[in-house]
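Take a look at the structure set out below.
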Amino acid sequence: MEIGNNPNIIFTQLPPGEYQLEVKSTNGDKVWGDNVYRLTIKVGYPWWLSVPALIIYAILCIIIFYITKSVIKNRIRLSRQVLIAQVEKRHEQKIYESRLNFFTNVAHEFFTPLTLIYTPAQHLLEQDGLDGSTKKYLQIIKNNAERMQKLISELMEFRKTKSSNMDLNPENVDVKSLMEYASNNYVDILKENKIDFKVEAHDTSEIYSDRNALEKIIFNLLSNAFKYTPRYGYIHVEISQNEPDKTLYLLVRNSGKGLTEQQMAEIFDKYKIFDTPKLGNSVSNGIGLNLTKSLVELLGGQISVNSELGKSVELSVVIPSLPSDHSLVVTDEKDSLQKEKNGQDHLSPRKDTVILIVEDEKNIRDLLKDVLFDYVIHEAKDGVEALKEIEHNHPDIIISDIVMPNMDGLSLINKLKSDLKTSYIPIIGISAKASVEDQINAFNHGADAYIVKPFHPRQVISTIENLLSRQMLLKDYFNSSMSSVKVKDGIVLHPEDEELIQNVTDFIKNNIDDELLSPSSIAEFVGVSKATLYRKFKEIIDKTPSEFVRGIRLEYAAKLLRTTKLTVSEIMFKCGFSNKSYFYREFLKQYGVSPKDYRNQ
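Each residue of the sequence shown is one higher than the last, beginning at -9 in this note's numbering.
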């Protein structure tokens, strides 16, 4: 390249490397000389591509590699730990569920012996001549049998029923009285173990809440306290209320070895089973307090635990009063029992009434025989044997267990209700299955009543008497003239009255265009006096004969307006009206519009 007289040469964007610059010159005559001047030029790398920079890059890459590897290893380790924790949790839940299944199945079997404890105790309590001590211990047996029934029912429903699905039945509840009732069940334990038990109620009145839920909460709190309080220990209960909003504050404090921080965090976990320090040789299972927590939360409250290790445990419950937007029905138990007793006084068992008891447990059959001693009792131990017994002796009523071998109660009920010869026999189902679904299932199969074990003797007797009374009422009804009574347009009609009205209606329709048709001619037609006709019409349909005739005439007029093209005047005469203004006025009164407007509709 020629640069002329410019002494500068500029090269741009040369890649890094070594270059040779060759220069020639000319003389004044512009003749090129032979000499070539050479200059070596080296273009260096930019700093970011220099050796030190590359070394730094390499070091950074190595660092990033190790960091990445470490992060991946940590993530893999954490994933494994989470997986192991999940597997352990599932295993823990599986163990919990298997234990709960086992105890649920065992609990179901408890209902039969529980029935044999509760029902005889109740039966004996109703006997006269009991001394105070005997009556006291029988009452304790009965109360604890009822409590055991509730606990077994809770255990059986625990897995399939969550507290959020439970129905609340709010009422005014005296918490102090409820606490006294619950603590009375532990009197003997208090005396035996020399436990200092105190209840302090500060400014307490009633709280509008669910009695059943509150009872379970109090029983579970007391049960937990008594379970872990050592001999010569103490249990202190404090009850108070916030006056403006009636919020309930309940605190249960008991002495003992206390709980660790971890145990306090897990005490309400139903899936956590841990051995607490031995306070009364018991092991915590988490179910009671978990259920308590669920019930407290269902009532809109809170429960907390506090403990001093080696000293005491304190459970604190706060429950607000429920909104008073539910209907409140307050019943007095004594009054209801007295009414029940009075109601039964007029029911005298029929000595010839035959009752068939179908039950696979002989002890239950014997118990029912004792309760129903006024009746003729036949027995069968399963459905197959019951069918053979019914072939020879038709009972007046059947009491059948639901769960039996060979043929269960539901199959027996279904078979009997499907047979015309036995479908009329009332059947009472008895079972330890207390859920609503089980009862509905029994009713769907044809059961007339359902009694849950353990049952009250008076419940069995009352159910039988009601079914027998209902059967007698139906029999008396169908044997009386009332069975032929009909109801038409809200009016009760006896057969003879219905015949009279029908005959008069036919007579009016056959003479509807006769404007001289009157009550006198109708009375003459049916063969009674005019006064008798008026009295019968007022008794039967609360109308006079004239009103009845006018109504039929207007109905016929309306029909002609709808179905013919006759003029209003022609229709008026066809229906026995001679006065146009009178016809228009009565038509308007009955149908709310004039005849012309009625036709246009």
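Don't be surprised by glycine CBs; every beta carbon is placed ideally from N, CA and C.
Between LYS140 and the rest of its own chain, which residues show a CB-CB distance below 8 Å, the 5 nearest in sequence each way excluded? Here residue 140 corresponds to residue number 150 of the sequence shown, with the count starting at 1. LYS206, listed in sequence order.
Expressed to the nearest angstrom, what Euclidean distance is found between the alpha-carbon atoms of SER536 and ASN500? Residue numbering aside, residue 536 sits at position 546 when the sequence shown is read from its first letter. Residue numbering aside, residue 500 sits at position 510 when the sequence shown is read from its first letter. Straight-line Cα distance between these residues: approximately 16 Å.
If you reduce the DSSP assignment to three classes, tell me which class SER160 lands in. Here residue 160 is taken as the residue at index 170 of the sequence shown, counted from 1. Reading off the sequence, residue 160 comes out as Pro, not Ser. Reduced to three states, the DSSP call for PRO160 is strand.
By DSSP, does GLY122 sit in helix, in strand, or in coil? The sequence position of residue 122 within the sequence shown is 132, counting from 1. It is helical.
I need the straight-line Cα distance from VAL426 to LYS549, nearest angstrom please. Counted from its first residue, the sequence shown places residue 426 at position 436. Counted from its first residue, the sequence shown places residue 549 at position 559. In a straight line, the C-alpha of VAL426 is about 54 Å away from that of LYS549.
I'd like the span of the alpha helix (DSSP H) that includes LYS184, first residue to last. Here residue 184 refers to the residue found at position 194 when the sequence shown is read from its first residue. Careful: LYS184 lies outside any alpha helix (DSSP H) and carries neither H nor E.
With 16 other CB atoms within 10 Å as the buried threshold, where does LEU11 fall? Here residue 11 refers to the residue found at position 21 of the sequence shown. Flag for LEU11 reads exposed.
Please report the distance separating the alpha-carbon of GLU379 from that of ASP372. For this step, residue 379 is matched to residue 389 along the sequence shown. For this step, residue 372 is matched to residue 382 along the sequence shown. If you take the alpha carbons of GLU379 and ASP372, they lie about 11 Å apart.
Beta-bridge partners of GLU12, as assigned by DSSP: Here residue 12 refers to the residue found at position 22 when the sequence shown is read from its first residue. Its beta-bridge partners are ARG28.
Do LEU240 and SER284 have their CB atoms nearer than 9 Å? Reading the sequence shown from its first residue, position 250 is the one you call residue 240. Reading the sequence shown from its first residue, position 294 is the one you call residue 284. No, they are not a contact pair.
Where the alpha helix (DSSP H) through ASP428 begins and ends: For the purposes of this step, residue 428 is taken as residue 438 along the sequence shown, with counting starting at 1. Run containing ASP428: 426 to 435, per the alpha helix (DSSP H) assignment.
Which runs of the beta strand (DSSP E) fall wholly inside the segment 356 to 423 and span at least 3 residues, in chain order? 366 to 370, 387 to 391 and 417 to 421
For GLU298, does the three-state DSSP call read helix, strand or coil? Within the sequence shown, numbered from 1, the residue matching residue 298 stands at position 308. Here GLU298 sits in strand by DSSP.
Touching by the beta-carbon criterion (3+ pairs, under 8 Å), the segment 455 to 462 and the segment 502 to 514: no
Would you check if the segment 228 to 236 and the segment 287 to 304 touch, i.e. whether three or more CB-CB distances between them fall below 8 Å? no
Measuring CB to CB, does GLY419 end up less than 9 Å from LEU406? In the sequence shown, the residue the question calls residue 419 occupies position 429. In the sequence shown, the residue the question calls residue 406 occupies position 416. Not in contact: GLY419 and LEU406 (Cβ atoms no closer than 9 Å).
Please classify LEU4 as buried or exposed, where buried requires at least 16 neighbouring CB atoms within 10 angstroms. The sequence position of residue 4 within the sequence shown is 14, counting from 1. By the neighbour-count rule (16 or more Cβ atoms within 10 Å), LEU4 is not buried but exposed.
From ILE531, ARG137 and PHE563, residue whose alpha carbon lies closest to that of LEU544: For the purposes of this step, residue 544 is identified with residue 554 of the sequence shown, where counting begins at 1. Per the Cα distances, PHE563.
With three or more beta-carbon pairs closer than 8 Å as the criterion, would you say the segment 385 to 400 touches the segment 422 to 439? yes
Straight-line Cα distance separating GLU576 from ALA513: The count along the sequence shown starts at 1 and reaches residue 513 at position 523. The count along the sequence shown starts at 1 and reaches residue 576 at position 586. Answer to the nearest angstrom: the Cα atoms are 24 Å apart.
Taking only the alpha-carbon atoms, compute the straight-line gap between LYS520 and LYS533 and give it to the nearest angstrom. As a working mapping, residue 520 is identified with position 530 in the sequence shown. As a working mapping, residue 533 is identified with position 543 in the sequence shown. Whole-angstrom Cα-Cα distance: 14 Å.
Grab me the residues of TYR9's own chain with a C-beta within less than 6 Å of its C-beta, minus the 5 sequence neighbours each way, in chain order. Residue numbering aside, residue 9 sits at position 19 when the sequence shown is read from its first letter. Counting only Cβ-Cβ distances below 6 Å, and skipping sequence neighbours, we find ILE31.
Straight-line Cα distance separating ASP350 from TYR247: Counting from one through the sequence shown, the residue named residue 247 turns up at place 257. Counting from one through the sequence shown, the residue named residue 350 turns up at place 360. Reading the sequence as shown, one finds Lys at residue 247 and not Tyr. If you take the alpha carbons of LYS247 and ASP350, they lie about 48 Å apart.
Alpha carbon to alpha carbon, how far is ASP193 from LEU73? Give it in angstroms, no decimals. Counting from 1 along the sequence shown, the entry for residue 73 is found at position 83. Counting from 1 along the sequence shown, the entry for residue 193 is found at position 203. When rounded, the distance between both Cα atoms is 53 Å.
Local Cβ density within 10 Å of VAL177, reported as buried at 16 or more and exposed below that: Numbered from 1 along the sequence shown, position 187 holds the residue referred to as residue 177. It counts as exposed.
What does a CB cutoff of less than 8 Å around LEU507 pick up in its chain, not counting 5 residues either side in sequence? Taking the sequence shown and counting its residues from 1, one reaches residue 507 at position 517. Closer than 8 Å at the Cβ level, and outside the excluded window around LEU507, lie ILE498, ASN501, VAL539 and GLY566.
What residue from ASP235, PRO444 and GLN591 has the CA that sits closest to PRO110's CA? As a first step, residue 110 is located in the sequence shown; it is residue number 120 there, counting from the start. Checking every option, the nearest Cα to that of PRO110 belongs to PRO444.
Which residue or residues does DSSP assign as beta-bridge partners of VAL303? Stepping through the sequence shown from its first residue, residue 303 is reached at position 313. DSSP output for VAL303 lists ASN244 and SER297 as bridge partner(s).
Thinking C-beta only, is ILE197 closer than 9 Å to SER311? In the sequence shown, the residue the question calls residue 311 occupies position 321. In the sequence shown, the residue the question calls residue 197 occupies position 207. Yes. Within cutoff.
So within the segment 28 to 72, which uninterrupted alpha helix (DSSP H) runs reach at least 4 residues, ignoring any that extend past its ends? none
Would you mind working out which of TYR222, LYS20 and PHE1 sits nearest ASN(-5), comparing C-alpha positions? The count along the sequence shown starts at 1 and reaches residue -5 at position 5. When each option's Cα is compared against that of ASN(-5), the closest is LYS20.
With 16 other Cβ atoms within 10 Å as the buried cut-off, status of ALA75: Here the question's residue 75 lines up with position 85 in the sequence shown. Exposed is the call here.
Give me, in chain order, the residues of the same chain whose beta-carbon lies closer than 8 Å to that of THR16; leave out the 5 immediate sequence neighbours on both sides. Position 26 of the sequence shown, counting from 1, holds the residue named residue 16. Cβ neighbours of THR16 beyond the five flanking positions: TRP22 and GLY23.
Answer yes or no: do VAL165 and LEU68 have a C-beta to C-beta separation smaller than 9 Å? One-based indexing of the sequence shown puts residue 165 at position 175. One-based indexing of the sequence shown puts residue 68 at position 78. No, the Cβ-Cβ distance between VAL165 and LEU68 is not below 9 Å.
Using 9 Å as the threshold, is the C-beta distance between ILE451 and VAL348 below it? On the sequence shown, position 461 is the one that residue 451 refers to. On the sequence shown, position 358 is the one that residue 348 refers to. In this structure, VAL348 does not lie closer than 9 Å to ILE451 by Cβ.
Paired residues, beta bridge with ASN232 - DSSP: Taking the first residue of the sequence shown as 1, we reach residue 232 at position 242. DSSP, once it has assigned bridges, lists THR237 as partnering ASN232.
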